[in-house]
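The sequence shown maps to residues 3 to 128 in my numbering.
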Amino acid sequence: MSAILGASAVLKARVIPVVCQLIRMPFATFQAPAGKFKVQIHPDTIDTKFTDGDKLSYMPLKLDYRYGESGERIPYVVCLMLEENVQSLELQSQYRRLGCFVLGQENGNEISSLCFGSETREVEII
Numbered sequence: 003m004s005a006i007l008g009a010s011a012v013l014k015a016r017v018i019p020v021v022c023q024l025i026r027m028p029f030a031t032f033q034a035p036a037g038k039f040k041v042q043i044h045p046d047t048i049d050t051k052f053t054d055g056d057k058l059s060y061m062p063l064k065l066d067y068r069y070g071e072s073g074e075r076i077p078y079v080v081c082l083m084l085e086e087n088v089q090s091l092e093l094q095s096q097y098r099r100l101g102c103f104v105l106g107q108e109n110g111n112e113i114s115s116l117c118f119g120s121e122t123r124e125v126e127i128i
C-alpha cells in the first residue's frame, strides 16, 4: 500500500489579501482591496477555525455561469481560501489551502474588480 506524504504546486495566479471582518459560520464577510463581500465558506477540515480580524488571501480559480429564471447568465467565481506561510525561504510566496468559497454576481458583488483587478504572480501551494 502506498501513501502520498507531501505535495506542492507552483502556479501563476492572482492572490488577493483580505481581512475577515465578520465570521458567523458558515458565512464570512471579507474586506478586500477592491471592496467588501459576504460569502458562504467551505473549510477543508472541521479543525479549521476563522476569527474576526484574521488576515487571509484568496485565489480566483474558475469563472462560470448560472442561469436565472428568465435565462440570463449570472457569473460566479470559485475561489480558494489561502493562508500565507510567512516563514518561507522560497523565492515565490508559499500558501496553505484552507478551504473555498463561491463569489456570485447575484449578491451585488463586482466580480471583475474583486477577482481580476490584481496582477498574476508565481505562488506555491503547499
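Idealized CB from N, CA, C, for every residue including glycine.
Status (buried if at least 16 other CB within 10 Å, exposed otherwise) for residue i
i: Ser59; result: buried
i: Phe29; result: exposed
i: Tyr97; result: buried
i: Val20; result: buried
i: Ile43; result: buried
i: Leu84; result: buried
Identity of the residue in the options nearest residue i by Cα
i: Pro35; options: Val17, Phe52, Ile48; result: Val17
i: Leu82; options: Met27, Tyr69, Phe103, Lys14; result: Phe103
i: Ile48; options: Ser72, Met27, Phe118, Ile113; result: Met27
i: Asp56; options: Glu124, Thr31, Ile6; result: Thr31
i: Ile113; options: Ile6, Ala11, Val41; result: Val41
i: Asp54; options: Ile25, Glu74, Asn87; result: Ile25
Beta-carbon proximity of residue i to residue j, cut-off 7 angstroms
i: Glu126; j: Gln94; result: yes
i: Gly101; j: Pro45; result: yes
i: Cys22; j: Val79; result: no
i: Phe52; j: Asn111; result: no
i: Tyr69; j: Pro77; result: no
i: Glu108; j: Lys14; result: no
i: Ser4; j: Ile128; result: no
Start and end residues, beta strand (DSSP E) containing residue i
i: Leu58; result: 57-69
i: Ser95; result: 95-106
i: Ile18; result: 18-26
i: Leu7; result: Taken as a continuous stretch (DSSP letters only), Leu7 belongs to no beta strand (DSSP E), as it is neither H nor E.
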